[in-house]
Each structure stands twice: as structure tokens, then as C-alpha cells.
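S.K.: Converting from the sequence shown to my numbering requires adding 74 to each position, the first position being numbered 1.
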Amino acid sequence: MTMMMMGEMSFLFPPMEEPANHRHLGEDGIRQIYGRFPRKGQSPEVNGIPCKDVNPGFGSSPVKYLSWTIPRAAKSRHSFFASPLPPGNEGLMDIFRPPTVNIPVEQEFGLLETSEDEYGGVIIDIKNLHLSVATFVSSLRASLSRWKKKGKRGVWLKLRIENADLVPVAIKEGFRYHHAEPTYTMLTYWIPDGDCMLPPNASHQVGIGAFVINDNREVLAVQEKHGGIEDSQIWKMPTGLIHQSEDIFTGAVREVKEETGIDSDFLEVIAFRHAHHELFDKSDLFFLCGLKPRTLDIVKDDTEIQAAQWMPLQEFASQPLYQEHSMSKKMLDICIAHFEKRYKGFSTFQMYGACDRQPPYFYFNDMDVN
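Following this line, the structure appears as C-alpha cells:
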């Protein structure tokens with residue numbers, strides 16, 4: 075049975091025969107149901123059935139409707155649209171007096187609910203985890219037709235992992251993969267003729283290298299268990315990838331702590347390297363960071379690190395990696411100049427930009443800046 079709210083009064087009504095004037099909006103039978111606000115002294119009605127004839131209280135039958143309201147022009151009439159829920163769930167119908175409800179007009183026509191992006195496109199975020207393939211295809215085709223007429227450009231379709239069965243369906247309708255995260259897949263569709271102008275998937279990964287040196291001119295050095303150099307006996311700086319929404323300096327401090335147990339303070343970005351066609355053919359930004367240790371007792375990460383030590387700078391620099399490879403040698407030379415205060419890198423300054431919601435960090439050489 076389905077529950078109906080009027081003001082502070084609650085009513086339940088059983089599933090009814092579908093009148094001839096009801097419309098199906100998709101395979102699952104999304105229905106249009108009319109309710110009437112009662113005048114003083116009258117009983118409320120649903121589809122012409124007075125609520126006084128409806129048994130109050132929750133019934134045992136599976137409720138299959140979840141509804142919302144869209145105000146109509148007539149003062150006493152309101153339309154309801156119901157979409158199926160999994161059997162066993164209670165579907166609650168609420169009646170609101172206008173204008174307290176603001177539902178996108180797309181819902182009236184069985185189209186997919188969307189939000190607009192800043193560039194004349196639409197974003198579809200499917201939140202119905204039980205949407206059938208047939209209903210999705212019908213709504214998607216109707217939506218694409220409407221958006222073409224309205225001059226929309228790009229379409230972003232976010233499908234959660236629970237709706238994975240809709241991915242191949244969307245691909246057949248002309249969508250293309252954009253990117254994937256652990257809980258969803260993002261697909262895109264370009265409506266106008268010509269080349270797609272939607273921004274591509276993230277093109278870079280961002281990594282850091284941490285040059286940590288103590289007052290005894292000893293470098294924090296590690297040997298890794300993985301990564302292709304585990305059998306080379308090379309001692310190197312702690313390195314790693316920046317996490318999503320993580321600042322460069324925060325990632326550098328974190329990587330040093332995770333790999334060696336050393337607490338440190340970030341000083342500056344010493345330099346950075348830009349390379350291409352790296353992991354999964356992505357480009358790579360590698361930021362070489364200078365840090366000052368606050369602790370000296372090493373506790374290595376046994377899952378990633380084979381060995382870790384404070385290594386004399388001269389011994390560290392004498393390794394073939396830093397003598398035979400021009401970029402590695404240049405990196406270490408600049409790190410040493412940074413430590414000896416003969417070189418100034420990029421310090422962090424937090425400040426707002428024109429379009430920033432939160433103040434990001436701006437990196438620059440402040441040696442000659444007041």
C-alpha cells in the first residue's frame with residue numbers, strides 16, 4: 075500500500091486499476107496520479123477515491139511507488155509521478171502546497187534528471203540503483219532528442235558501480251568512456267557535429283622525491299622492494315605519488331613518514347621534471363622537494379622498503395646512478411646547492427585566486443620578493 079500525506083494527516087491507499095488517462099513513462103510503469111486538496115468540510119481524494127474509504131495504517135503488501143509533486147496551474151490540482159521501488163520498501167507520497175516544491179520539468183516527460191555544466195552541456199547522475207535497462211534506454215533516447223533540440227553540447231553520464239549493466243547500453247547509444255573511479259564510471263557524448271570539445275581525462279600523474287638531509291650532512295636514503303630496481307642495490311631518496319586533493323608539500327612529508335618513520339618539515343620545491351609516455355601512457359610531473367628532519371630514528375615500512383639509513387652525502391653522491399646519468403646528477407647537484415643555501419627553490423604561499431573556492435598554494439621563488 076502507498077501512504078499519502080495531506081497537511082498533518084496521513085493516509086494509505088492500495089494499488090488501483092490504471093485509468094485510461096494515465097500515461098506510462100518507461101517500462102516500469104511510472105504513473106501520473108492526481109490528488110485533490112479538500113475544501114473545508116470535504117474529504118481528500120486520490121484518483122477520485124475519497125480518503126475516508128482508505129484503510130489507515132501500513133499494509134503488508136509491497137509498496138512499489140516513490141512519488142514527488144509538481145504544482146499545476148489549477149489551484150486545487152497537483153500531479154504526482156511515481157517510480158518503482160524494490161519490493162518490500164515503503165513508498166511515501168507527499169503533497170505540498172505550491173510553491174514549496176521545485177522539481178525539474180524533465181521529470182514530467184520521463185526524461186533523465188540532469189544538472190547543467192558551465193559550458194552548455196548537461197550532467198546525468200543516475201541515482202536510481204534499480205533502474206532497468208529498458209527504462210534507461212527509453213529515457214536516454216528521449217533525453218538526447220530533447221537536448222539536441224535545445225542546442226545542448228556535451229553530455230556527462232555518471233554511472234555508479236551498482237548500475238554497471240547500463241554501461242554497455244550507453245556505449246551502444248554513442249557514449250564513450252572518459253574515466254573511472256572505484257565507485258563509478260564517467261561516460262561522455264558530444265551532440266554537435268564536428269570534433270568533441272569536452273576536456274579529456276586527466277593527462278598527468280604527479281609524484282615527489284624527498285631530499286632529506288640532517289646537520290651531519292647525511293641523506294635519508296632507501297632501497298625499495300619493488301619498482302624494477304629492487305636488485306640494483308641503489309640507495310635513493312624517498313619517492314611516491316601524490317594522492318587526490320593532496321598538496322605537493324603535504325605529500326612529500328607523508329611519503330617520508332610512511333617509508334622511513336621520519337617526521338620532517340617541508341622547505342621548498344627545489345625543481346621539477348616533466349616526462350611523457352610513462353605509466354599507462356600518461357605524462358608525469360615529478361617534484362623534487364627539500365625537507366628538514368625533525369626526528370632521526372628510522373622505522374622503515376616493511377611492505378615497500380627493503381632498507382633505510384642515514385647515508386653520508388659523499389657516499390650517496392658517489393653511486394653510479396648519480397655519476398653516470400645526467401639528470402640524476404643534476405638533480406643531486408641542485409639539492410646540495412639548496413642545502414648549502416647557494417640555490418633558492420619555490421616556497422609555498424597560500425592565497426586566493428579569482429575562481430578559487432578555497433585558497434590554494436602558490437609556489438614561487440621569494441628571494442627577491444618583499
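Idealized CB from N, CA, C, for every residue including glycine.
Excluding five sequence neighbours on each side, which residues of the same chain lie with their C-beta closer than 6 Å to the C-beta of Gly314?
M.R.: The residues are Glu329.
S.K.: Of all the alpha helix (DSSP H) runs that stay within the bounds of the stretch 341-429, which reach a length of 4 or more residues?
M.R.: Runs of the alpha helix (DSSP H) inside the stretch 341-429: 387-391, 394-398 and 400-413.
S.K.: In terms of alpha-carbon separation, which member of Ala254, Arg227, Val243 and Lys223 lies closest to Ile235?
M.R.: The candidate whose alpha carbon is nearest that of Ile235 is Ala254.
S.K.: Nearest-angstrom Cα distance between Asp321 and Tyr396?
M.R.: Each residue's alpha carbon lies about 28 Å from the other.
S.K.: Since Asp199 sits in a beta bridge, which residues does DSSP pair it with?
M.R.: Note: Asp199 sits in a beta bridge opposite Lys232.
S.K.: Ignore the nearest five residues each way along the sequence and tell me which others in Ser357's own chain have a CB closer than 8 Å to its CB.
M.R.: These residues qualify, in order along the chain: Ser277, His278, Gln279, His348, Ala349, His350 and His351.
S.K.: For Leu261, write down the residues that DSSP places opposite it in a beta bridge.
M.R.: DSSP output for Leu261 lists Leu231 and Tyr251 as bridge partner(s).
S.K.: Please report how far the alpha carbon of Asp289 lies from the alpha carbon of Thr262, in whole angstroms.
M.R.: Those two C-alpha atoms are separated by around 54 Å.
S.K.: Between Met311 and Ala284, is the Cβ-Cβ spacing less than 9 Å?
M.R.: In this structure, Ala284 lies closer than 9 Å to Met311 by Cβ.
S.K.: Do Leu294 and Thr334 have their CB atoms nearer than 9 Å?
M.R.: The answer is yes: Cβ separation under 9 Å.
S.K.: According to DSSP, simplified to helix, strand and coil, what is Ser213?
M.R.: DSSP places Ser213 in helix when its eight states are reduced to three.
S.K.: What residues match up with Gly325 in a beta bridge as DSSP calls it?
M.R.: Answer is none; Gly325 lacks a bridge partner.
S.K.: Can you check DSSP and say which residues form a bridge with Ser189?
M.R.: In DSSP, Ser189 forms a bridge with Ile197.
S.K.: So, are the CB atoms of Gln297 and Gln388 less than 9 Å apart?
M.R.: Result no, Cβ atoms of Gln297 and Gln388 do not sit closer than 9 Å.
S.K.: Should Glu247 and Leu218 be called a contact, given that it needs their Cβ atoms to be closer than 9 Å?
M.R.: It is a contact, given that the beta carbons lie within the stated cut-off.
S.K.: When you compare the CB positions of Ser363 and Phe390, do they come within less than 9 Å of one another, or not?
M.R.: Sequence inspection shows Cys at residue 363; the Ser mentioned does not correspond to that position. Taking 9 Å as the Cβ cut-off, Cys363 and Phe390 do not qualify as a contacting pair.
S.K.: Do you know whose CA, among Lys201, Tyr251 and Ile197, lies nearest Lys226's CA?
M.R.: Comparing Cα-Cα distances from Lys226 to each of Lys201, Tyr251 and Ile197, the minimum goes to Ile197.
S.K.: Report the rounded CA-to-CA distance for Leu240 versus Pro266, giving the unit in angstroms.
M.R.: Distance between the alpha carbons of Leu240 and Pro266 is about 24 Å.
S.K.: Looking only at its chain, what residues have a beta carbon closer than 7 Å to the beta carbon of Phe249, apart from the 5 residues adjacent to it on each side?
M.R.: Counting only Cβ-Cβ distances below 7 Å, and skipping sequence neighbours, we find Leu231, Leu261, Thr262 and Tyr263.
S.K.: Only counting the same chain, and skipping five residues up and downstream in sequence, which positions put a Cβ closer than 7 Å to that of Ile344?
M.R.: Here the set comprises Phe285, Leu362, Cys363, Gly364, Ile408, Cys409, His412 and Gly419.
S.K.: When you compare the CB positions of Gln424 and Phe438, do they come within less than 9 Å of one another, or not?
M.R.: In this structure, Phe438 does not lie closer than 9 Å to Gln424 by Cβ.
S.K.: Considering Cα atoms alone, identify which of Trp309, Pro256, Asn202 and Ile336 is closest to Ser402.
M.R.: It is Trp309.
S.K.: DSSP three-state label for Leu218, please.
M.R.: Three-state DSSP puts Leu218 in a helix.
S.K.: Please return the same chain residues whose Cβ sits closer than 6 Å to the Cβ of Ser421, not counting the five positions on each side in sequence.
M.R.: Glu342 and Asp440.
S.K.: Would you report the Cα separation of Arg220 and Pro434, rounded to the nearest angstrom?
M.R.: Roughly 39 Å between the two C-alpha positions.
S.K.: Taking only the alpha-carbon atoms, compute the straight-line gap between Ser392 and Ser306 and give it to the nearest angstrom.
M.R.: Taking the straight line joining both Cα atoms gives about 15 Å.
S.K.: Could you pull the start and end residues of the beta strand (DSSP E) that Ala238 belongs to?
M.R.: Where Ala238 is concerned, there is no enclosing beta strand (DSSP E), given that its DSSP letter is neither H nor E.
S.K.: For Ala295, which of helix, strand or coil comes out of DSSP?
M.R.: Residue state, collapsed to three classes: strand.
S.K.: Give the secondary structure of Ile282 by DSSP, where H, G and I count as helix, E and B as strand, and everything else as coil.
M.R.: Reduced to three states, the DSSP call for Ile282 is strand.
S.K.: Compute the Euclidean distance between the alpha carbons of Ala382 and Ile336, then round it to the nearest angstrom.
M.R.: Straight-line Cα distance between these residues: approximately 11 Å.
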